[in-house]
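So the structure is just underneath, and the comments pick up after that.
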Amino acid sequence: MNSMEIVITSRGAGMQMALEKTEQIGRDSGLSPKEMLHLRLLAEELFGMVRGVVGEVKAWYRIDHLGKHFAFHLQSNIALNQGTWNQLLALSTSGTNSAAVGFMGRLREMITLMLLPPDDGLQARAPEMMNLGRPAASRVNSDRYDWSLKTYRVGVESTLGRDEYARKAKDELEKSIVANIADDVSVGIEGSYVEITIMKDFGR
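The sequence shown begins at -6 in our numbering and counts up by one.
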């Protein structure tokens, strides 16, 4: 499996180069114009997760590929200072976090809450935000937290008709670029370390 890694920041540095490299990999892999569009859209949506983070964040973008199978990785060590914590707390408690709109916005907010100190009481809300019926998120140990789109989707489908939130979640998934194109999305959080992975096999 071939791999490419580029450093990007929440201010946009490195993103254009990362998109160009991603498209070059797509062309070299023989993707069709439609597949190339989907490849770029997945990368752009992933970069949007970085842009929505409070404060200045540096992340490592890596794309692994074998044939037409692609794995987009975004890794960052987000060290929150007291000022950033206060901003996140204000957004999370005021209900005015306009970024938490749609599937990717809510996923970003879930990650944000998991980065807050556990004793503030808000971190405990994170699993509830993106779990329905069958838990999509779980703790591997006391420090690591994992979430999966596949499992979340199953939970949404299993609770339709019984949970009002499930109907909203279903609508968000149907409107989401990532949820409609990607084969799966996974999130791993351990302390201040976050990794988001998007999987897509264009050969299927």
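Here a beta-carbon is modelled for each residue, glycine too, at the ideal position from N, C-alpha and C.
1) Taking the C-alpha atoms as reference points, what is the distance between GLU13 and ARG197?
2) Tell me which residue opens and which closes the beta strand (DSSP E) that ASP139 is part of.
3) Terminal residues of the continuous alpha helix (DSSP H) containing ASP164?
4) So, does the region 20 to 34 touch the region 149 to 168, judging by three or more C-beta pairs under 8 Å?
5) Is LEU32 helix, strand or coil by DSSP?
6) With distances taken Cα to Cα, identify the nearest neighbour of GLY181 among ARG137, ASP156, ILE174, VAL50.
7) According to the Cβ coordinates, are SER3 and ARG44 closer than 8 Å?
8) Give the secondary structure of GLY193 by DSSP, where H, G and I count as helix, E and B as strand, and everything else as coil.
9) From GLY98 to GLY7, what does the alpha carbon distance come to, in whole angstroms?
10) Just to confirm before moving on: does the CB-CB distance between THR190 and HIS58 stay below 8 Å?
11) With DSSP as the reference, label ILE182 as helix, strand or coil.
12) With ILE71 as the anchor, note down where its beta strand (DSSP E) starts and where it stops.
13) Does ASN90 pass the burial test, meaning 16 or more other C-beta atoms within 10 Å, or should it be called exposed?
14) Identify the continuous beta strand (DSSP E) that holds GLU(-2) and give its terminal residues.
15) Run the CB neighbour count on LYS193, radius 10 Å, all protein chains shown included, and call it buried at 16 or more, exposed below.
16) When DSSP builds the beta bridges, which residues end up paired with ARG101?
17) Give the single residue among LYS51, MET10, VAL94, ALA172 whose Cα lies nearest to the Cα of SER141.
18) Can you give me the start and stop residues for the alpha helix (DSSP H) that ASP21 sits inside?
This is what the structure holds:
1) Straight through space, the alpha carbons of ARG197 and GLU13 are spaced by roughly 24 Å.
2) 137 to 141
3) 157 to 168
4) no
5) helix
6) ARG137
7) yes
8) Checking the sequence, you will find Lys at residue 193 rather than Gly. Three-state DSSP puts LYS193 in a strand.
9) Going from the Cα of GLY98 to the Cα of GLY7 covers about 22 Å.
10) no
11) The answer is strand: DSSP assigns ILE182 an E or B state.
12) Run containing ILE71: none; DSSP gives neither H nor E here.
13) Here ASN90 scores only 46 on pLDDT, less than 50, and its place in the model is too uncertain to base an answer on.
14) -5 to 2
15) Buried, by the Cβ-count rule.
16) Beta-bridge pairing by DSSP links ARG101 to no other residue.
17) ALA172
18) 8 to 21
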